[in-house]
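Working notes for the structure below.
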Amino acid sequence: MKKDIILTGDRPTGHLHLGHYVGSLKNRVKLQNEGNYDKMYVFIADCQALTDNYDNPDKVRENLREVVLDYLAVGLDPKKVIIFVQSMIPELAEYTFYFMNLVTVSRLMRNPTVKQEMIQKGMEESIPSGFLNYPVSQAADITLFNTTLVPAGIDQEPMIEQTNEIVRKFNSLYGETLNECRILLPDNSICARLPGLDGNAKMSKSLGNCIYLSDSEEELKKKVMSMYTDPNHIKVEDPGCIEGNTVFTYLDAFCKDEHFPKYLSEYQNLNELKSHYQRGGLGDVKIKKFLFNILNEELKPIRERREELSKNMEYIDKVLIEGTEKAREVAKENMKKFKKALRIDYFD
Ligand code: TRP
């Protein structure tokens, strides 16, 4: 069987958070370490970040290296993964331009992720065409490198569908040239879309409901202690509700049986803890402290590695420059085939 070409990216609009971590970063590190792939690319989607931050380019610029710090801190290894900058691959803009012919405006307007973002950003009345088009540019990101597998959260599913539609249209018009791809979601469905601290459906920087990989232990504790639980669970004796209770949603995502003897030895497993909460007699502070310990165990080594790496920003630049050079080589090569299919390879 042919091995996968793996690609995924992140917008540098802030530090990466727990939603990124469980939704995609963990899967990337796993794939990287299994080593069973042809090539693996992880890139900083600065062009995409500018589609809704065109008025704040400094924000994008400032976060470029921060995202790389997050990558290396979680264990991505530049020897195994090509880490590159989107805007430094001009072929991506070329692909996007030709793909725009293959997608209708109404199709783009139907993209559920774009729709949701438009509402969140107050763009319903007037949407910049660049933003509406970002799924097309994302199709370019994916196809330029012949990607077959995209590790991402469930909010990226509409982008993968859109990409495959473009691929089929391109191939039927111009001949078999591009690959279709599939998404790799986390096994645990809660991890595919981790809610925010406030119980909002998505952890998102613009909603201010995130735990960042770079948060200090104190920040983490403060955030966990402020999490949304059951608003009707006022006294410890009151029966509590598990559904929609963010602390339990996070426990479903992160808690394993082995955490109990270490941090909460009165219980054997999460089911026991849940039924006690539902019966009444279990306070929020106790479950929050438990969750804090579990999260801190996972985030502490990441935080420490990040701190260490941040002392050598020249190394971070080197990773980006070398990775981008490698990606550019592939891009140039694949661009030839693309232009040939489009009959615009005039003097080759
Ligand atoms: N849309 C992704 C996000 O918001 C970032 C992204 C850009 C991406 N291009 C991609 C993800 C290609 C996967 C594949 O996080």
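Per the working numbering, numbering through the sequence shown is continuous, rising by one, with the last residue being 1099.
Built from N, CA and C at the ideal position, the CB exists for glycine as well.
This one's a predicted model, so the numbers in the text were calculated from it and none came from an experiment.
Annotation for P937: no beta strand (DSSP E) segment contains it, and DSSP assigns it neither H nor E.
One Cα belongs to L883, the other to M839, and the distance between them is close to 22 Å. Nearest in C-alpha terms to Y849, of all of V887, V832 and Y1028, is V887.
Contact between R779 and L827 holds, with the beta-carbon distance rounding to 6 Å and staying under 8 Å. When T764, L758 and K753 are compared, the shortest CA-CA separation from L958 is found for T764. Going by DSSP, Y822 is part of the alpha helix (DSSP H) stretching over P808 to V825. Fewer than three Cβ pairs drawn from the region 944 to 955 and the region 1033 to 1043 lie within less than 8 Å of each other, which leaves the two stretches out of contact. Between H766 and Y963, the C-beta spacing is below 7 Å.
Look at M874 here: in three-state DSSP terms it is coil, with no helix or strand label.
Taken in chain order, the whole alpha helix (DSSP H) runs of length 4 or more contained in the region 901 to 933 are 908 to 925.
Around the beta carbon of F1098, a 10 Å sphere encloses fewer than 16 other beta carbons of the protein chains shown; the residue is thus reported as exposed. When DSSP assignments are scanned along the region 933 to 1003, the uninterrupted stretches of alpha helix (DSSP H) that are 4 or more residues long and fall wholly within it turn out to be 940 to 943 and 968 to 976.
E817 and H984 have their C-alpha atoms roughly 39 Å apart.
Sequence-distant partners of K1025 (beyond 5 residues in either direction) whose C-beta falls short of 6 Å from its own C-beta, in its chain, are I993. By the Cβ neighbour-count rule, N852 is exposed, with fewer than 16 other Cβ atoms within 10 Å of its own. Taking each of E1055, A1004, Y1018 and I834 in turn and checking the Cα distance to G1074, the smallest one comes out for I834. Rounded to the nearest whole angstrom, the C-alpha separation of N930 and L782 is 20 Å. For Y1014, the enclosing alpha helix (DSSP H) stretches over residues H1010 to Y1014.
Cβ-Cβ distances below 6 Å link T898 to I756, L758 and C932 in the same chain, with the five nearest sequence neighbours on each side left out; the list follows chain order. Where L758 is concerned, the enclosing beta strand (DSSP E) starts and stops at D755 to D761. Nearest C-alpha to L935 among Y1001, V901 and A943: V901. Listed in chain order, the non-local C-beta contacts of K920 below 6 Å within the same chain comprise L853, local neighbours out to five positions each way being set aside.
Taken through DSSP and simplified to helix, strand or coil, K1051 comes out as helix.
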